[in-house]
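Quick note: the sequence shown uses our numbering, first residue 59, plus one each step.
Read through the structure below, which is laid out as structure tokens, and then see the notes.
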Amino acid sequence: MDKNQYRQITGIIVGCGNRGQNYAQYARHFPERFRLIAVADPRPVVREKLQKLYSLEDKYVYNDWRRLADPNVERLADCAVISLPDKEHYEAATQLAKKGYHILLEKPMATKPEHCKEIVEVCKSNNVFLAVCHVLRYLPIVKKIKELIDNNTIGKLISIQHIEPVGFWHFAHSFVRGNWHNENDSCFSLLAKCCHDLDLIQYWMQPRQCTNISSFGKLMHFTRENKPKGASDRCLTCSVESTCPYSAKKIYLEKPNRGWPVAVVVPDIEEHESWDDIKVKVKNALETGPYGKCVYGDCNNDVVDQQVVILNFDDGATATMQMVAFTEQICQRTARIFGSHGELTWTGEDTLVHYDFLTQKRKLYDETDLSIAGIMSGHGGADFFAMDSFVRAVSLNKPELIGTGPQDSLNSHLIAFAAETARKENRVCNMSEFL
């Protein structure tokens with residue numbers, strides 16, 4: 059993109075955890091496109107880190123995002139990146155939209171369907187853009203799959219099979235010990251982890267509309283009933299730790315690591331130069347904090363660790379989406395798309411294979427983009443593509459540049475709410491109940 063084609067835009071970031079800091083990196087890589095004006099986060103160490111990195115004035119470093127939404131405080135920037143805890147998305151998005159900020163909103167939009175709908179309405183009525191971070195849609199390989207479907211490369215689209223392999227230790231970190239372990243504190247795991255995936259299915263299926271949904275799943279393994287005999291309530295004092303793959307000692311201490319997930323356990327990790335110093339901090343955190351607890355019944359976790367969703371579309375096409383914790387791969391999604399005249403297979407990398415039924419030959423498509431190597435690497439580069447599209451949209455005043463518009467994002471969230479209702483109530487849900 060020619061830098062002369064658009065103006066630099068300004069932004070604020072509210073919620074400066076792993077996701078917020080990742081989006082902030084765009085300002086470091088492309089200062090001529092995006093300038094970070096202010097940040098809001100309750101943790102002093104995080105505020106200090108970002109203030110130093112982005113040379114922020116003291117008056118623009120906040121401990122509470124609500125000060126930015128105060129009617130008596132002027133709007134500071136063009137846009138707001140919202141990456142707060144899930145429960146706070148609704149209030150922040152609606153209040154900051156009313157202030158005139160264009161909104162880049164981390165998924166999930168909100169934890170209630172009515173709040174998701176209201177966010178869309180508030181952004182619309184205040185004439186601000188809304189981009190929900192369904193970042194996978196922006197991947198070149200995902201767009202190629204859509205192109206091949208729409209070009210009838212595989213004939214009539216019949217069915218999609220999609221799997222989200224969360225990863226055994228990633229699930230333990232995020233959904234047993236971590237921020238998304240309890241539905242009341244955050245939201246159900248399908249919404250937190252897989253609204254990405256449901257959005258991909260919806261995207262590939264368009265213009266077809268989902269009509270009916272069923273779903274099954276439960277919390278199978280991370281329960282007190284499965285706690286090994288003799289196990290302690292914390293890994294560092296556990297006599298059977300060496301036989302447990304979910305040991306906090308194995309996840310956070312065995313290999314030197316300054317990034318995720320260790321940086322979640324020790325937020326000020328960058329202030330420590332040596333791994334030995336970091337290990338001391340990690341051990342202290344594991345002795346007293348949530349990330350050192352036994353995964354078997356000591357974390358107050360209640361979200362499911364495996365779930366399957368079955369979707370029916372208005373022309374008879376079908377799709378399945380499976381989320382499972384117990385995998386070697388960490389979020390390396392796979393998909394098989396079945397058509398009347400061919401099949402597409404994607405294994406989560408930048409390549410896919412087309413098998414043609416008529417010629418019985420395979421063709422490899424490679425959408426690797428080396429130009430973004432090392433830039434905002436989250437989600438295989440998708441974080442960069444999503445942020446870049448949002449910046450261009452705001453700069454050029456072209457909402458059509460946003461890959462996931464408000465209605466698409468709302469629809470995929472409503473599919474997630476319908477699926478969870480179907481699971482909990484053991485029934486087939488009609489989407490008309492949720493629209």
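All residues carry an ideal CB built from backbone N, CA and C; glycine is no exception.
Here the structure is a predicted model, which is why all the values come from computation and not from measurement.
So for Phe274, helix, strand or coil by DSSP? Taking the first residue of the sequence shown as 1, we reach residue 274 at position 216. Three-state DSSP puts Phe274 in a strand.
What do you reckon, are the CB atoms on Val367 and Thr378 nearer than 9 Å? For the purposes of this step, residue 367 is taken as the residue at position 309 of the sequence shown. For the purposes of this step, residue 378 is taken as the residue at position 320 of the sequence shown. Yes, Cβ-Cβ distance for Val367 and Thr378 is below 9 Å.
The alpha helix (DSSP H) that contains Pro102, what's its start and end? On the sequence shown, residue 102 is found 44 positions in, with the first residue counted as 1. Note, Pro102: alpha helix (DSSP H), Pro102 to Tyr112.
Determine the closest residue to Leu493 out of Ile161, Leu472, Asp427 and Glu483, with distance taken between C-alpha atoms. By one-based count along the sequence shown, residue 493 stands at place 435. Nearest option by C-alpha distance: Leu472.
Do three or more CB pairs link the region 126-135 to the region 146-163 at distances below 8 Å? Contact between the region 126-135 and the region 146-163 is established, with three or more Cβ pairs separated by less than 8 Å.
Which residues DSSP lists as bridging Leu493, in chain order: Sequence index remark: in the sequence shown, residue 493 carries index 435 (1-based). Partner(s): none; Leu493 has no beta bridge.
Give me the residue from His399, Phe415, Gly75 and Arg420 with the minimum Cα distance to Thr409. The residue labelled residue 409 in the question sits at position 351 within the sequence shown. From the listed residues His399, Phe415, Gly75 and Arg420, the smallest Cα separation to Thr409 is found for Arg420.
Rounded to whole angstroms, what is the Cα-Cα separation between Cys293 and Ser300? Position 235 of the sequence shown, counted from the start, is the residue given in the question as residue 293. Position 242 of the sequence shown, counted from the start, is the residue given in the question as residue 300. Cys293 and Ser300: Cα-Cα distance of roughly 9 Å.
In its own chain, which residues sit with a C-beta less than 8 Å from the C-beta of Thr169, not counting the 5 before and 5 after it? By 1-based counting over the sequence shown, the position of residue 169 is 111. Here the set comprises Asp144, Lys145, His147, Tyr148, Ser244, Cys245 and Leu249.
Quick one: Cα of Val190 to Cα of Tyr423, how far? Against the sequence shown, residue 190 aligns to sequence position 132. Against the sequence shown, residue 423 aligns to sequence position 365. Looking at the two C-alpha atoms, the distance is approximately 28 Å.
Give the C-beta separation of Ile207 and Leu215 to the nearest angstrom, bearing in mind that I take them to be a contact with Cβ-Cβ under 8 Å. The residue labelled residue 207 in the question sits at position 149 within the sequence shown. The residue labelled residue 215 in the question sits at position 157 within the sequence shown. About 6 Å separates the two Cβ atoms, so the contact holds.
Kindly confirm or deny that the region 391-398 and the region 272-282 touch, where touching means at least three C-beta pairs closer than 8 Å. no
Would DSSP call His220 helix, strand or coil? On the sequence shown, residue 220 is found 162 positions in, with the first residue counted as 1. Correct three-state label for His220: strand.
Go ahead and label Ile71 buried or exposed: buried means 16 or more other beta carbons lie within 10 angstroms of its beta carbon, across all protein chains shown. One-based indexing of the sequence shown puts residue 71 at position 13. With 16 or more Cβ atoms within 10 Å of its Cβ, Ile71 is classed as buried.
Ser305 classed as buried or exposed, judged by whether at least 16 other C-beta atoms fall within 10 angstroms: The residue given as residue 305 occupies position 247 in the sequence shown. By the neighbour-count rule (16 or more Cβ atoms within 10 Å), Ser305 is buried.
Could you spell out where the alpha helix (DSSP H) holding Leu422 opens and where it closes? Translated into positions along the sequence shown, residue 422 becomes position 364. Premise fails: Leu422 lies in the beta strand (DSSP E), Lys419 to Asp424, not in any alpha helix (DSSP H).
Quick check: the region 480-493 against the region 215-233, are there 3 or more CB pairs under 8 Å? no
Integer-rounded CB distance, given that Val119 should sit under 8 Å from Ala97: What you label residue 97 is simply residue 39 of the sequence shown in a count that begins at 1. What you label residue 119 is simply residue 61 of the sequence shown in a count that begins at 1. For the record, residue 97 in the displayed sequence is Val; it is not Ala. Confirmed, about 6 Å.
How far does the alpha helix (DSSP H) with Gln79 in it reach, from first residue to last? Position 21 of the sequence shown, counted from the first residue, corresponds to residue 79. Run containing Gln79: Asn76 to His87, per the alpha helix (DSSP H) assignment.
Segment limits, alpha helix (DSSP H) that includes Asn469: The residue you call residue 469 lines up with position 411 of the sequence shown. Start and end: Pro464 to Glu483.
Nearest by alpha-carbon distance to Phe274: which of Leu369, Leu416 and Asn210 is it? Position 216 of the sequence shown, counted from the first residue, corresponds to residue 274. For Phe274, the nearest C-alpha among the options comes from Leu369.
Helix, strand or coil for Thr295, going by three-state DSSP, please let me know. As a first step, residue 295 must be located in the sequence shown, where it is residue number 237. Of the three classes helix, strand and coil, the one that applies to Thr295 here is helix, per DSSP.
Delimiting residues of the alpha helix (DSSP H) encompassing Met263: Counting from one through the sequence shown, the residue named residue 263 turns up at place 205. Its alpha helix (DSSP H) spans residues Ser247 to Met263.
Roughly how many angstroms lie between the CA atoms of Tyr81 and Asp99, to the nearest whole one? For the purposes of this step, residue 81 is identified with residue 23 of the sequence shown, where counting begins at 1. For the purposes of this step, residue 99 is identified with residue 41 of the sequence shown, where counting begins at 1. The straight-line gap from Cα to Cα measures roughly 15 Å.
Nearest-angstrom Cβ-Cβ length linking Gln364 and Pro223, presumed shorter than 8 Å: In the sequence shown, residue 364 corresponds to position 306, counting from 1. In the sequence shown, residue 223 corresponds to position 165, counting from 1. In fact, because the Cβ distance is near 11 Å, the residues do not count as touching under 8 Å.
Candidates Pro303, Phe187 and His330: closest to Arg316 by CA position: Looking up residue 316 in the sequence shown gives position 258. Out of Pro303, Phe187 and His330, His330 has the C-alpha closest to the C-alpha of Arg316.
Are the CB atoms of Pro198 and Asp446 nearer to each other than 9 Å? For the purposes of this step, residue 198 is taken as residue 140 along the sequence shown, with counting starting at 1. For the purposes of this step, residue 446 is taken as residue 388 along the sequence shown, with counting starting at 1. No, they are not a contact pair.
Near Ser141, which residues of its chain fall below 6 Å by C-beta distance, leaving aside the five closest residues on each side in sequence? Taking the sequence shown and counting its residues from 1, one reaches residue 141 at position 83. Taking Ser141 as the centre and dropping the five residues before and after it, the same chain places the C-beta of Gly73, Arg77, Gly78 and Glu164 closer than 6 Å to its C-beta, in chain order.
Quick one: using the 10 Å Cβ neighbour count with 16 as the cut-off for buried, is Val103 buried or exposed? Here the question's residue 103 lines up with position 45 in the sequence shown. So Val103 ends up on the exposed side.
Taking the DSSP output, what are the residues bridged to Ile140? Taking the first residue of the sequence shown as position 1, residue 140 is located at position 82. Note: Ile140 sits in a beta bridge opposite Val72 and Leu163.
Pull up the distance between the alpha-carbon of Thr403 and that of Met489, whole angstroms please. If you number the sequence shown from 1, residue 403 lands on position 345. If you number the sequence shown from 1, residue 489 lands on position 431. The alpha-carbon of Thr403 is positioned some 28 Å away from that of Met489.
Excluding the 5 residues flanking Gln219 on each side, which residues of the same chain have their C-beta closer than 6 Å to its C-beta? Indexing the sequence shown from 1 puts residue 219 at position 161. Take Gln219, set aside five residues on each side of it, and the residues of its chain with a beta-carbon closer than 6 Å to its own are Thr378 and Arg394, in chain order.
For Leu94, count neighbouring Cβ atoms within 10 angstroms of its own Cβ and tell me buried if that reaches 16, exposed if not. The residue you call residue 94 lines up with position 36 of the sequence shown. Buried, since its Cβ has 16 or more Cβ neighbours within 10 Å.
Using the C-alpha atoms, what's the distance from Lys287 back to Phe442? As a position in the sequence shown, residue 442 is number 384, starting the count at 1. As a position in the sequence shown, residue 287 is number 229, starting the count at 1. Spanning the two alpha carbons is a distance of roughly 46 Å.
DSSP state of Leu344 mapped onto helix, strand, coil: Numbered from 1 along the sequence shown, position 286 holds the residue referred to as residue 344. The answer is helix: DSSP assigns Leu344 an H, G or I state.
Environment of Val486 [buried if 16+ CB atoms lie within 10 Å]: Start at 1 with the first residue of the sequence shown, and residue 486 comes out as number 428. Exposed, because fewer than 16 other Cβ atoms sit within 10 Å of the Cβ of Val486.
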